[in-house]
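First residue of the sequence shown? That's 108 in my numbering, and the numbers climb one at a time after it. Just so you know, even glycine gets a beta-carbon here, dropped at the ideal spot from N, CA and C. Some notes on the structure that comes next.
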Amino acid sequence: MNAILLNLLLFLLAFTWRISPITQTPHSPKQTTVQQQQAVQGAWQLASGATQFTEIPEGATAIASFEDGYFTVAYFDKDNKKFIGTFGGTYTSENGKLTQKLEWNTLDSTTVGATNSFSYTLKNGQLQLKGNGQGNSIKQTWTKAAGRNTSSPLTGTWRITGRAGEDGTINPMRRGPRKTLKILSGNRFQWIAFNPETKQFSGTGGGTYTAENGKYTENIEFFSRDSSRVGANLTFDFEVKDGKWHHSGQSSTGKAINEVWEREYGKL
């Protein structure tokens, strides 16, 4: 009798397994790549290791930001109101490999268009990079300057696509090789104006920002064109509508501005 019950139990278990198998949904390569891209997203501050392209003096800061396939690195001395340099472009991060293609570099314009690859690890909230950049051995440790601000509607990379004329009408800007980007990551921002085809660099500025209740405020920590603007706080009206960032107010020179920015996604 016990043998009969045992056989019946085994039969029921086998039948249940056939009609309701346990399955696992594997991560697709695309999903894995997105997760790896998100792992390095955010704003980072150099904690140790030599800087690329130039040495920076004691007391200076190196900030790297990664958003929407674009990255930027800025060197500056906030206390002395000194802008040292910036470089950046597009990037991918996958399987422990960070690949960057330069679209601007104020420290060495001949490197624009070049691609660098580094191995990277994320451990205890630190980003560790190893590799060679234009022949220089790089070993760096970065710590989060600010986490990715998922509550900010402006987190990401934006490109200016329209500007108001004297009559107040927004005029679309013709899309060409020249770009003006603004990368907002964590609580940090940096705008960059450049042309990767001619390797011309027109200017940059950056610092920290807040965006809430329709007000966007910048605290300027570096400015390539005019160091006297460092320390200024500028507040603008902002609205994100139909995926477009409407930005209006007064510039650091007191000039009225009314601009439209749209999300930009970098590709190698």
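Could you spell out the range, first to last residue, of the beta strand (DSSP E) harbouring residue i?
{"i": "residue 320", "result": "Element bounds for residue 320: n/a, residue is neither H nor E."}
{"i": "residue 219", "result": "Looking at the DSSP string, residue 219 is not in any beta strand (DSSP E), and its letter there is neither H nor E."}
{"i": "residue 206", "result": "204-212"}
{"i": "residue 344", "result": "340-348"}
{"i": "residue 170", "result": "168-174"}
{"i": "residue 288", "result": "286-292"}
{"i": "residue 191", "result": "189-201"}
{"i": "residue 153", "result": "149-155"}
{"i": "residue 180", "result": "177-184"}
Exposed or buried, which one is residue i when buried takes at least 16 other CB atoms within 10 Å?
{"i": "residue 295", "result": "buried"}
{"i": "residue 132", "result": "With a pLDDT of 43 at residue 132, under the threshold of 50, the modelled position of that residue is not reliable, and the figure given next carries that caveat. By the neighbour-count rule (16 or more Cβ atoms within 10 Å), residue 132 is not buried but exposed."}
{"i": "residue 128", "result": "Legend: pLDDT at residue 128 = 42, less than 50; position of this residue unreliable, value from coordinates given subsequently. So residue 128 counts as exposed."}
{"i": "residue 223", "result": "buried"}
{"i": "residue 311", "result": "buried"}
{"i": "residue 177", "result": "buried"}
{"i": "residue 175", "result": "buried"}
{"i": "residue 305", "result": "exposed"}
{"i": "residue 366", "result": "buried"}
{"i": "residue 171", "result": "buried"}
{"i": "residue 300", "result": "buried"}
What are the residues that DSSP puts in a beta bridge with residue i?
{"i": "residue 270", "result": "278 and 366"}
{"i": "residue 357", "result": "363"}
{"i": "residue 332", "result": "DSSP lists no partner for residue 332."}
{"i": "residue 158", "result": "DSSP lists no partner for residue 158."}
{"i": "residue 300", "result": "287 and 310"}
{"i": "residue 375", "result": "Answer by DSSP bridge pairing: none, since residue 375 is not bridged."}
{"i": "residue 248", "result": "155 and 235"}
Taking the alpha-carbon of residue i as reference, which of the options has the nearest alpha-carbon?
{"i": "residue 273", "options": "368, 171, 375 and 364", "result": "364"}
{"i": "residue 246", "options": "225, 263 and 232", "result": "225"}
{"i": "residue 285", "options": "192, 211, 174 and 170", "result": "211"}
{"i": "residue 323", "options": "170, 261 and 251", "result": "261"}
{"i": "residue 347", "options": "301, 360 and 265", "result": "265"}
{"i": "residue 270", "options": "159, 201 and 369", "result": "369"}
{"i": "residue 195", "options": "267, 202, 236 and 216", "result": "216"}
{"i": "residue 332", "options": "315, 308 and 319", "result": "308"}
I think residue i touches residue j, with their Cβ atoms under 8 Å apart; what is that distance to the nearest whole Å?
{"i": "residue 185", "j": "residue 334", "result": "The pair is not a contact, with the Cβ atoms about 11 Å apart (cut-off 8 Å)."}
{"i": "residue 173", "j": "residue 259", "result": "So it is not a contact: roughly 15 Å between Cβ atoms."}
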